[in-house]
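Enquirer: Just passing along the structure, written as structure tokens.
2 protein chains.
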Amino acid sequence: MSKHLLRDLDNLKRELLAMGSMVEEAINKAMISLLDRRPELAKEVMSGDASIDEKEVAIEEECLKVLALHQPVAGDLRYVIVVLKVNNDLERMGDLALNIAERAAYLCSHDSLGAFLGFNRMVELVRSMVRDSLDALVNLDVPRARNVLETDDEVDEINRDMFGRLQDLMKDNPETIKRAVQTLSCSKHLERIADHATNIAEDVIFMVDGEVVRHQQVV
Amino acid sequence: MSKHLLRDLDNLKRELLAMGSMVEEAINKAMISLLDRRPELAKEVMSGDASIDEKEVAIEEECLKVLALHQPVAGDLRYVIVVLKVNNDLERMGDLALNIAERAAYLCSHDSLGAFLGFNRMVELVRSMVRDSLDALVNLDVPRARNVLETDDEVDEINRDMFGRLQDLMKDNPETIKRAVQTLSCSKHLERIADHATNIAEDVIFMVDGEVVRHQQVV
Numbered sequence: 532m533s534k535h536l537l538r539d540l541d542n543l544k545r546e547l548l549a550m551g552s553m554v555e556e557a558i559n560k561a562m563i564s565l566l567d568r569r570p571e572l573a574k575e576v577m578s579g580d581a582s583i584d585e586k587e588v589a590i591e592e593e594c595l596k597v598l599a600l601h602q603p604v605a606g607d608l609r610y611v612i613v614v615l616k617v618n619n620d621l622e623r624m625g626d627l628a629l630n631i632a633e634r635a636a637y638l639c640s641h642d643s644l645g646a647f648l649g650f651n652r653m654v655e656l657v658r659s660m661v662r663d664s665l666d667a668l669v670n671l672d673v674p675r676a677r678n679v680l681e682t683d684d685e686v687d688e689i690n691r692d693m694f695g696r697l698q699d700l701m702k703d704n705p706e707t708i709k710r711a712v713q714t715l716s717c718s719k720h721l722e723r724i725a726d727h728a729t730n731i732a733e734d735v736i737f738m739v740d741g742e743v744v745r746h747q748q749v750v
Numbered sequence: 532m533s534k535h536l537l538r539d540l541d542n543l544k545r546e547l548l549a550m551g552s553m554v555e556e557a558i559n560k561a562m563i564s565l566l567d568r569r570p571e572l573a574k575e576v577m578s579g580d581a582s583i584d585e586k587e588v589a590i591e592e593e594c595l596k597v598l599a600l601h602q603p604v605a606g607d608l609r610y611v612i613v614v615l616k617v618n619n620d621l622e623r624m625g626d627l628a629l630n631i632a633e634r635a636a637y638l639c640s641h642d643s644l645g646a647f648l649g650f651n652r653m654v655e656l657v658r659s660m661v662r663d664s665l666d667a668l669v670n671l672d673v674p675r676a677r678n679v680l681e682t683d684d685e686v687d688e689i690n691r692d693m694f695g696r697l698q699d700l701m702k703d704n705p706e707t708i709k710r711a712v713q714t715l716s717c718s719k720h721l722e723r724i725a726d727h728a729t730n731i732a733e734d735v736i737f738m739v740d741g742e743v744v745r746h747q748q749v750v
């Protein structure tokens with residue numbers, strides 16, 4: 532590998548990690564805002580989204596430059612393509628955090644539903660999935676990527692459970708309907724953030740092992 | 532451009548269009564299943580999803596081959612990257628169609644909510660967006676791509692309206708809650724399919740005009 536390609540790939544990795552940190556922070560703030568009823572954090576997420584969007588565009592341009600300039604092949608080519616895909620996933624995770632923040636801002640200004648029992652566990656799992664998927668990418672750590680895939684099943688289960696419990700709440704007290712629907716959306720968005728972390732983990736496994744785990748059932 | 536690169540790019544375009552047709556069909560079947568209460572169509576969507584997934588993997592591999600073999604630059608490079616991104620969008624649209632089909636299957640087997648008034652218009656718009664975004668890609672037709680961006684605003688508005696009306700329905704009759712929540716999800720998924728069509732249109736504009744319209748407000 533040429534020295535220049537090596538330097539550019541390293542730079543790409545650094546930029547992607549910076550993007551990952553921005554998105555992780557947005558997710559954390561959105562969830563704390565929701566759980567601890569802190570609207571000021573929701574506002575921070577809203578005002579920070581533009582920087583995430585700019586970063587996505589910059590990283591994609593950087594990938595195109597690396598491809599055009601160095602015309603990498605084999606592992607290096609696959610790496611750049613994975614960076615492109617992960618970049619896309621991260622931007623969407625940022626959008627989902629923004630969406631959670633918007634709903635958190637609404638929920639903070641209304642009476643608490645007190646129905647967040649399953650959320651704490653879900654948030655904890657999703658945070659670890661996001662972190663692990665990025666760590667797996669940086670260290671090309673397949674076992675860690677496989678962990679992410681397994682955790683996703685538990686997140687799906689908690690999301691289903693949240694849906695059931697919130698529907699019961701709405702039935703028992705129709706006054707809660709609007710807030711419960713907003714909370715349902717937060718749960719769903721969190722579950723989708725987990726799906727994006729899963730996408731990243733699958734791309735890592737593919738890059739390292741050449742095995743397509745997308746669209747397969749995890750045993 | 533070499534003859535072989537030209538042939539491979541043409542082939543890529545054909546494959547992507549085939550994928551687009553599969554996804555369009557899945558969306559149409561899922562929506563007819565929902566609107567006309569035809570569970571057998573929902574089942575067809577469910578059993579067809581695996582082929583869409585396989586196609587996505589095959590197209591991505593094909594893109595990597597073209598990049599490695601021909602090392603395209605400038606417009607050709609950007610084209611291959613756009614195919615990669617659109618391929619990803621299409622696969623997710625297929626997933627959303629599957630999700631709608633699953634909810635349609637549930638709703639078909641329960642009493643009708645009769646609250647689909649806004650859905651017909653929304654389905655019509657989303658269908659046209661999907662078709663137009665793919666046509667814009669094939670013909671590098673920027674005005675058509677811009678149409679897609681404008682239509683997305685109307686879809687967002689109908690989705691918000693659906694949320695309001697379904698919440699009222701739940702309040703008036705708590706017996707409808709479970710069905711209304713399933714219907715809300717269908718509306719949300721449809722809105723997300725429109726978002727993916729918008730992504731495709733934005734990529735077309737970027738490819739042709741070099742203008743980043745992502746993350747900008749449409750005036």
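As you go down the protein sequences, you meet chains W and S in turn.
Following the working numbering, the numbering of the first sequence begins with 532 at its first residue and continues without gaps.
Following the working numbering, the numbering of the second sequence begins with 532 at its first residue and continues without gaps.
Every residue gets a Cβ at the ideal spot worked out from N, C-alpha and C, and that includes glycine.
Measuring alpha carbon to alpha carbon, tell me which of S/K586, S/M562, S/A605 ends up nearest S/E575.
Expert: For the purposes of this step, residue 575 of chain S is taken as the residue at position 44 of the second sequence. Closest option to S/E575, Cα to Cα, is S/M562.
Enquirer: Which residues in the same chain have their Cβ closer than 6 angstroms to the Cβ of S/P570, if we skip the five residues on either side of it in sequence?
Expert: Within the second sequence, numbered from 1, the residue matching residue 570 of chain S stands at position 39. Here the set comprises A636, C639.
Enquirer: Judging by CA-CA distance, which residue of W/D626, W/H720, W/G579 is the nearest neighbour of W/I689?
Expert: Residue mapping note: residue 689 of chain W aligns to position 158 of the first sequence, counting from 1. The candidate whose alpha carbon is nearest that of W/I689 is W/H720.
Enquirer: Check whether the Cβ atoms of W/N542 and W/D620 lie closer than 7 angstroms to each other.
Expert: Locating residue 542 of chain W in the first sequence gives position 11, counting from the first residue. Locating residue 620 of chain W in the first sequence gives position 89, counting from the first residue. No, the pair does not count as a contact, with Cβ atoms beyond the cut-off.
Enquirer: Relative to the C-alpha of W/A573, which residue among W/E546, W/M553, W/R634 is closest?
Expert: The sequence position of residue 573 of chain W within the first sequence is 42, counting from 1. Checked all of W/E546, W/M553, W/R634; the closest Cα to W/A573 is W/R634.
Enquirer: Return the CA-CA distance between W/A732 and W/L627, expressed in angstroms with no decimal places.
Expert: By one-based count along the first sequence, residue 732 of chain W stands at place 201. By one-based count along the first sequence, residue 627 of chain W stands at place 96. If I take the Cα positions, the gap works out to 18 angstroms.
Enquirer: Quick check: the segment 678 to 694 of chain W against the segment 708 to 720 of chain W, are at least 3 beta-carbon pairs closer than 8 angstroms?
Expert: yes
Enquirer: Assign W/N618 to buried or exposed, taking buried as 16 or more other Cβ atoms, counted over all protein chains shown, within 10 Å of its Cβ.
Expert: What you label residue 618 of chain W is simply residue 87 of the first sequence in a count that begins at 1. Classification for W/N618: buried.
Enquirer: Between the segment 592 to 604 of chain W and chain S, which residues of the former have a C-beta closer than 7 angstroms to a C-beta of the latter?
Expert: L595, L598, A599, Q602, V604
Enquirer: With respect to the alpha helix (DSSP H) encompassing W/P570, which residues constitute its N-terminal and C-terminal limits?
Expert: For the purposes of this step, residue 570 of chain W is identified with residue 39 of the first sequence, where counting begins at 1. 570 to 601 is the span of the alpha helix (DSSP H), which, as asked, contains W/P570.
Enquirer: Are the Cβ atoms of W/V686 and W/A725 separated by less than 7 angstroms?
Expert: On the first sequence, position 155 is the one that residue 686 of chain W refers to. On the first sequence, position 194 is the one that residue 725 of chain W refers to. Contact flag set, yes.
Enquirer: Does the CB of S/M738 have a neighbour CB from chain W at under 7 angstroms?
Expert: Within the second sequence, numbered from 1, the residue matching residue 738 of chain S stands at position 207. For S/M738, not one C-beta of chain W is nearer than 7 angstroms to its own C-beta.
Enquirer: Can you find a CB in chain W that lies within less than 7 angstroms of the CB of S/M701?
Expert: Position 170 of the second sequence, counted from the start, is the residue given in the question as residue 701 of chain S. Yes, its Cβ sits closer than 7 angstroms to a Cβ of chain W.
Enquirer: Look up W/R745 in the DSSP assignment and say whether it is helix, strand or coil.
Expert: Taking the first residue of the first sequence as position 1, residue 745 of chain W is located at position 214. If DSSP states are grouped into helix, strand and coil, W/R745 belongs with coil.
Enquirer: So, at 7 angstroms on beta carbons, what are the nonlocal neighbours of W/R623 in its own chain, with the 5 sequence-adjacent residues on each side left out?
Expert: Translated into the one-based positions of the first sequence, residue 623 of chain W becomes position 92. Result list for W/R623: H727, in chain order.
Enquirer: Answer with buried or exposed for W/A676, where buried requires no fewer than 16 other C-beta atoms within 10 angstroms of its C-beta.
Expert: Locating residue 676 of chain W in the first sequence gives position 145, counting from the first residue. Its Cβ being crowded by 16 or more others within 10 Å, W/A676 is buried.
Enquirer: If you follow the alpha helix (DSSP H) that W/E474 is part of, which residue opens it and which one closes it?
Expert: Examination of residue 474 of chain W is not possible in this model, given that chain W is present from 532 through 750 alone.
Enquirer: Using a Cβ cut-off of 7 angstroms (strictly closer), state whether S/P502 contacts chain W.
Expert: The structure shown has nothing for residue 502 of chain S, since chain S only spans 532 to 750.
Enquirer: With 7 angstroms as the threshold, decide whether the Cβ of S/Q698 is near any Cβ in chain W.
Expert: As a working note, residue 698 of chain S is residue 167 in the second sequence. Chain W, which has a Cβ nearer than 7 angstroms to the Cβ of S/Q698, makes this yes.
Enquirer: In angstroms, rounded to a whole number, what distance separates the CA positions of S/V673 and S/T682?
Expert: Counting from 1 along the second sequence, the entry for residue 673 of chain S is found at position 142. Counting from 1 along the second sequence, the entry for residue 682 of chain S is found at position 151. Whole-angstrom Cα-Cα distance: 14 angstroms.
Enquirer: For a cutoff of 7 angstroms on Cβ pairs, would you count W/I583 as touching chain S?
Expert: The sequence position of residue 583 of chain W within the first sequence is 52, counting from 1. Answer no: the Cβ-Cβ gap between W/I583 and chain S never drops below 7 angstroms.
Enquirer: In this structure, how does DSSP classify W/V712 when only helix, strand and coil are distinguished?
Expert: Numbered from its first residue, the first sequence carries residue 712 of chain W at position 181. Residue state, collapsed to three classes: helix.
Enquirer: Hey, could you find the ends of the alpha helix (DSSP H) W/L620 is sitting in?
Expert: Here the question's residue 620 of chain W lines up with position 89 in the first sequence. Before going on, a small fix: residue 620 of chain W reads as Asp here, not Leu. From DSSP, the alpha helix (DSSP H) with W/D620 extends over 605 to 639.
Enquirer: So W/N619 contacts chain S; which residues on that side make the cut at Cβ distance below 8 angstroms?
Expert: For this step, residue 619 of chain W is matched to residue 88 along the first sequence. Residues of chain S passing the Cβ test: K616, N619.
Enquirer: Locate the alpha helix (DSSP H) running through S/G645, then write down its first and last residues.
Expert: Along the second sequence, one-based indexing puts residue 645 of chain S at 114. That residue, S/G645, is in no alpha helix (DSSP H); it is neither H nor E in DSSP.
Enquirer: Exposed or buried, what is W/V669 when buried is set at 16 or more other beta-carbons lying within 10 Å of its beta-carbon?
Expert: Here residue 669 of chain W corresponds to residue number 138 of the first sequence, with the count starting at 1. It counts as exposed.
Enquirer: Could one say the Cβ of W/L671 lies closer than 7 angstroms to chain S's Cβ atoms, at least one of them?
Expert: Against the first sequence, residue 671 of chain W aligns to sequence position 140. W/L671 does not count as touching chain S.
Enquirer: Residues of chain S with CB under 8 angstroms from W/K709, in chain order?
Expert: Position 178 of the first sequence holds residue 709 of chain W. The contacting residues are Q698.
Enquirer: Is W/L608 close to chain S, meaning its C-beta is less than 7 angstroms from at least one C-beta of that chain?
Expert: Translated into positions along the first sequence, residue 608 of chain W becomes position 77. Interface residue, yes.
Enquirer: Alpha carbons only, please: which of W/R662, W/V679, W/D584 is nearest the one belonging to W/N501?
Expert: This structure gives no information on residue 501 of chain W, because the portion of chain W shown stretches from 532 to 750.
Enquirer: Measuring CA to CA, which of W/M577, W/E722, W/I590, W/L547 is closest to W/N630?
Expert: Working through the first sequence from its first residue, we reach residue 630 of chain W at position 99. Nearest C-alpha to W/N630: W/M577.
Enquirer: For S/D541, report the span of its alpha helix (DSSP H) as first-last.
Expert: Working through the second sequence from its first residue, we reach residue 541 of chain S at position 10. Looking at the DSSP string, the run of the alpha helix (DSSP H) that includes S/D541 is 534 to 567.
Enquirer: Name the residue from W/L700, W/L680, W/E706, W/L697 whose alpha carbon lies nearest to the alpha carbon of S/D699.
Expert: Translated into the one-based positions of the second sequence, residue 699 of chain S becomes position 168. Ranking W/L700, W/L680, W/E706, W/L697 by Cα distance to S/D699 puts W/E706 first.
Enquirer: Report the option in W/K596, W/S718, W/R538, W/L548 whose CA atom is closest to the CA atom of W/L656.
Expert: Here the question's residue 656 of chain W lines up with position 125 in the first sequence. Checking every option, the nearest Cα to that of W/L656 belongs to W/S718.
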